[in-house]
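Chemist: Handing you this structure, nothing more for now.
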Amino acid sequence: MKVRVWWAQFAARVAFQEGALLKRRGDVAGARAAYQQAIDSGHPDAAPKAALNLGVLLGEQGDAAGARAAYQHAIGSGHPDVAPMAALNLGALLADQGDAAGARAAYQRAIDSGHTDQAPKASYNLGVLLAEQGDVAGARAAYQQAIDSGHVDIAPNAAKNLGVLLADQGDVAGARAALQRAIDSGHPDAAPKAAFNLGVLLADQGDVAGARAALQQALDSGHADIAPKAAVNLGALLDEQGDVAGARAAYQQAIDSGHAEAVLRATVNLGMLLEQQGDVAGARAAYQQAIDSGHTRIAAEAEDRITRLDKHAAMDQGEGTT
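The C-terminal position of the sequence shown is numbered 324 in my numbering, with every residue numbered one higher than the one before it.
This is the structure:
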């Protein structure tokens, strides 16, 4: 009897491992069959893990109903690690399917598990969902719960999101505090994004010094997406303050970054700045760079500005003739 039990447990673990191997090899049908074998074994560890993996596999194949059933099976197992992860995955699946109520319930189940990794993630996801649903109070509470978890990745991102949410609600003090918390975390993604958002917020509030410092911090982060955007915003801020040299340098940093969006914005802004400074050749070169990008809207704007430059130049020449 003991031999049979041992063999059944061994077979269940092998089936689970085979399913993972076949999935990596692209054998979807084989992986499904192997995972199902592990699930049917009722093994206390392999079966829940196989149900979770099957849910992921079916979700990737577009079988939402099958994925949902697999996740529910994993949740029902009560496995201390697998069940919370399955609840989180189910919440994400239902949210994508437009089932907000189902997603909320699934996320709450993951939160209630108290799992050190999955519960904070579920709180964060719930905050995103509730914010999209217009439930500001619920989103605030969910984000705060994620922040309070102290999770190394989730807490800073939740603080950043909370800051953006509060800024949209006009709670400037609350937004500043939340964004600063994300910045202070030093998180490689959340901190630069929070610094950028803080810079935008402070600029809107007329706090030029604070906005400049925050945007510079975002720029100095070297974040592939945020730093170039911060350079554009910093350039615009400095331009408004009459700091031509600083604005030119910031715009040039954005251009040098190669970031598609930032380069387009910076080239046009730099062209306008140089035009105002009477540097027609420099302005034309900047506008031409925007035109060469092929971006329809930006290129059209740059072409219009070059046309106006040529028109003004022709008028100036006309005034100089006798």
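Don't be surprised by glycine CBs; every beta carbon is placed ideally from N, CA and C. Keep in mind that this is a model prediction, so the values were computed, not measured.
Would you kindly report the start and end of the unbroken alpha helix (DSSP H) that includes Gly-140?
Modeler: From DSSP, the alpha helix (DSSP H) with Gly-140 extends over 138–151.
Chemist: How about the region 159–177 and the region 130–150: do they share at least three Cβ pairs that are nearer than 8 Å?
Modeler: Output reads yes: the region 130–150 touches the region 159–177.
Chemist: Mark Ala-175 as exposed unless 16 or more other C-beta atoms lie within 10 angstroms of its C-beta, in which case mark it buried.
Modeler: Burial call: exposed.
Chemist: When you compare each of Leu-95, Asp-294 and Lys-313 to Ala-69 by their alpha carbons, which one comes out closest?
Modeler: If we check each option's Cα against that of Ala-69, Leu-95 comes out closest.
Chemist: So, for Ala-89: in the same chain, excluding its five sequence neighbours on each side, which residues have a beta-carbon less than 8 Å away from its beta-carbon?
Modeler: Excluding sequence neighbours, Ala-89 sits near Tyr-73, Ile-77, Ala-108, Tyr-109, Arg-111, Ala-112, Ser-115, Gln-120 and Ala-124.
Chemist: Hey, would you say the C-beta of Glu-20 is under 7 Å away from at least one heavy atom of the ligand GDP?
Modeler: This structure does not include the ligand GDP; it has no bound ligands of any sort.
Chemist: Here's the rule: buried if 16 or more other CB atoms are within 10 angstroms of the residue's CB, otherwise exposed. What is His-189?
Modeler: His-189 comes out buried.
Chemist: Would you grab the beta carbon distance between Ala-17 and Ser-43 for me? Rounded to a whole angstrom, and I think it's under 8 Å.
Modeler: Right, the Cβ-Cβ distance comes to about 7 Å (below 8 Å), so this counts as a contact.
Chemist: Give me the residue from Ser-79, Gly-273, Asp-191 and Ala-31 with the minimum Cα distance to Asp-47.
Modeler: The candidate whose alpha carbon is nearest that of Asp-47 is Ser-79.
Chemist: Please name the residue in Ala-13, Lys-25 and Glu-277 whose C-alpha comes closest to that of Thr-309.
Modeler: Measuring from the Cα of Thr-309, the nearest candidate turns out to be Glu-277.
Chemist: Distance check for Ala-33 and Leu-23, CA to CA, integer angstroms please.
Modeler: Near 8 Å, if we compare the C-alpha coordinates of Ala-33 and Leu-23.
Chemist: With a CB to CB cut of under 6 Å and the five nearest residues on each side skipped, what residues in its chain are close to Gln-255?
Modeler: The answer, listed in chain order, is Ala-233.
Chemist: Restricting to Cα atoms, I'd like to know which of Gly-201, Asp-170 and Gln-171 is closest to Gln-182.
Modeler: Ranking Gly-201, Asp-170 and Gln-171 by Cα distance to Gln-182 puts Gly-201 first.
Chemist: Give the single residue among Arg-178, Arg-299, Val-210 and Val-265 whose Cα lies nearest to the Cα of Ala-288.
Modeler: With distances taken between Cα atoms, Ala-288 lies closest to Val-265.
Chemist: Do Gly-208 and Ala-184 have their beta-carbon atoms positioned less than 8 Å apart in this structure?
Modeler: Not in contact: Ala-184 and Gly-208 (Cβ atoms no closer than 8 Å).
Chemist: From Tyr-37 to Ala-53, what does the alpha carbon distance come to, in whole angstroms?
Modeler: Each residue's alpha carbon lies about 7 Å from the other.
Chemist: On the premise that Leu-311 lies in contact with Val-270, defined as a C-beta separation below 8 Å, what is that separation, rounded to the nearest angstrom?
Modeler: That pair is no contact at about 13 Å.
Chemist: With distances taken Cα to Cα, identify the nearest neighbour of Asp-98 among Val-84, Asp-191, Val-130 and His-81.
Modeler: Checked all of Val-84, Asp-191, Val-130 and His-81; the closest Cα to Asp-98 is Val-130.
Chemist: Please state the DSSP three-state secondary structure of Pro-122.
Modeler: Pro-122 falls in the helix class under three-state DSSP.
Chemist: Applying the 10 Å Cβ sphere with the 16-neighbour rule, what's the burial state of Lys-313?
Modeler: Per the 10 Å Cβ criterion, exposed.
Chemist: Helix, strand or coil for Asp-191, going by three-state DSSP, please let me know.
Modeler: Reduced to three states, the DSSP call for Asp-191 is coil.
Chemist: Do you know whose CA, among Pro-50, Ile-41, Val-30 and Asp-191, lies nearest Gln-63's CA?
Modeler: Looking at the Cα atoms, Val-30 is the closest of the given residues.
Chemist: Roughly how many whole angstroms lie between the Cα atoms of Ala-229 and Gln-279?
Modeler: Taking the straight line from one Cα to the other gives about 26 Å.
Chemist: Using only CA atoms, which one of Ala-180, Lys-231, Ala-215 and Ala-247 lies nearest to Ala-268?
Modeler: Ala-268 has its Cα closest to that of Lys-231, out of Ala-180, Lys-231, Ala-215 and Ala-247.
Chemist: Would you kindly work out how many angstroms separate the C-alpha atoms of Gln-243 and Gly-273, rounded to a whole number?
Modeler: Computed Cα separation, rounded: 17 Å.
Chemist: Indicate the three-state DSSP secondary structure (helix, strand or coil) for Pro-46 in the structure shown.
Modeler: Note: Pro-46 maps to coil in three-state DSSP.
Chemist: Round the Cβ separation of Ala-213 and Leu-239 to the nearest angstrom and send it over; I've been treating them as touching at under 8 Å.
Modeler: Contact holds; Cβ gap of about 6 Å.
Chemist: In terms of alpha-carbon separation, which member of Ala-143, Arg-250, Ala-139 and Ala-193 lies closest to Leu-275?
Modeler: Considering only alpha carbons, the answer is Arg-250.
Chemist: Could you check what DSSP says for Ser-259 in three-state terms: helix, strand or coil?
Modeler: In the structure shown, Ser-259 sits in a helix (DSSP, three-state: H, G or I).
Chemist: Between the C-alpha atoms of His-408 and Asp-191, what's the straight-line distance to the nearest angstrom?
Modeler: Residue 408 falls outside the range modelled here, since the chain spans only 3 to 324, and no answer is possible.
Chemist: Got a sec? Which residues, its chain only, sit under 8 Å from Ser-187 by beta carbon, not counting five neighbours each side?
Modeler: The answer, listed in chain order, is Ala-157, Pro-158, Ala-161 and Ala-193.
Chemist: Roughly how many angstroms separate the alpha carbons of His-261 and Asp-227, rounded to a whole number?
Modeler: His-261 and Asp-227: Cα-Cα distance of roughly 7 Å.
Chemist: To the nearest angstrom, how far is it from the Cα of Gln-11 to the Cα of Lys-51?
Modeler: Spanning the two alpha carbons is a distance of roughly 14 Å.
Chemist: Can you give the Cα-Cα distance for Gly-28 and Gly-21, rounded to whole angstroms?
Modeler: When rounded, the distance between both Cα atoms is 11 Å.
Chemist: Which of the three DSSP states is assigned to His-81 in this structure?
Modeler: His-81 falls in the coil class under three-state DSSP.
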